[in-house]
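S.K.: Here it is, the structure, as structure tokens.
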Amino acid sequence: LKLFRAFARLRWRVPGILAPLVEGLQRETALDGLKAESLGSIIYELYRLDLWDEALLKASCERLQGPLPEAALPRKTASNVLLALSYFSVQESDLQRRLVHELLRARDLPQEAVYQLKTFEM
Numbered sequence: 198l199k200l201f202r203a204f205a206r207l208r209w210r211v212p213g214i215l216a217p218l219v220e221g222l223q224r225e226t227a228l229d230g231l232k233a234e235s236l237g238s239i240i241y242e243l244y245r246l247d248l249w250d251e252a253l254l255k256a257s258c259e260r261l262q263g264p265l266p267e268a269a270l271p272r273k274t275a276s277n278v279l280l281a282l283s284y285f286s287v288q289e290s291d292l293q294r295r296l297v298h299e300l301l302r303a304r305d306l307p308q309e310a311v312y313q314l315k316t317f318e319m
């Protein structure tokens, strides 16, 4: 996951390295032990890399919708997930609704998150 994040931050799309990383994350058990913040990060890093992987997106969204020990995502991660879902036109209405409600209830929302929320609403 750390290597995947590093590639996304640098926006390196080296197929010989990214393909095995994504394949590793696609394994059924790969996402099971991850916290909500890490699952949200995977979705956002796919956006940053402009890498469409339906199976990985769906699996991450399903786990974010399910019961997690920490139900709420950090605000920045929640706004990043909304941005990525809208970019990929993924229809996860329950997850999107929950994240929007969490962000709208926040009192100290960072300016960047406000812009991302406005972009999602459009």
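With this note's numbering applied, the sequence shown covers 198 to 319.
We put the beta carbon where it would ideally sit given N, CA and C, even for glycine.
Since this is a predicted model, take the numbers as computed values, not measurements.
#1: Determine the direct distance from the alpha carbon of residue 312 to that of residue 255, and round the result to whole angstroms.
#2: Straight-line CA distance for residue 211 to residue 200?
#3: Beta-carbon within less than 6 angstroms of residue 280's beta-carbon, same chain only, minus the 5 sequence neighbours each way: which residues are those?
#4: Check whether the Cβ atoms of residue 217 and residue 273 sit closer than 9 angstroms, and answer yes or no.
#5: Does DSSP put residue 237 in a helix, a strand or coil?
#6: Starting from the C-beta of residue 289, find all residues in its chain whose C-beta is less than 8 angstroms away, skip the five residues before and the five after it, and write them out in chain order.
#7: What span of residues does the alpha helix (DSSP H) with residue 278 cover, start to end?
M.R.: This is what the structure holds:
#1: Their backbone Cα atoms lie some 25 angstroms apart in a straight line.
#2: For residue 211 and residue 200, the distance between alpha carbons rounds to 12 angstroms.
#3: Same-chain partners within the cutoff: 313.
#4: No Cβ-Cβ contact shorter than 9 angstroms links residue 217 with residue 273.
#5: DSSP places residue 237 in helix when its eight states are reduced to three.
#6: Excluding sequence neighbours, residue 289 sits near 258, 262, 282.
#7: For residue 278, the enclosing alpha helix (DSSP H) starts and ends at 272–284.
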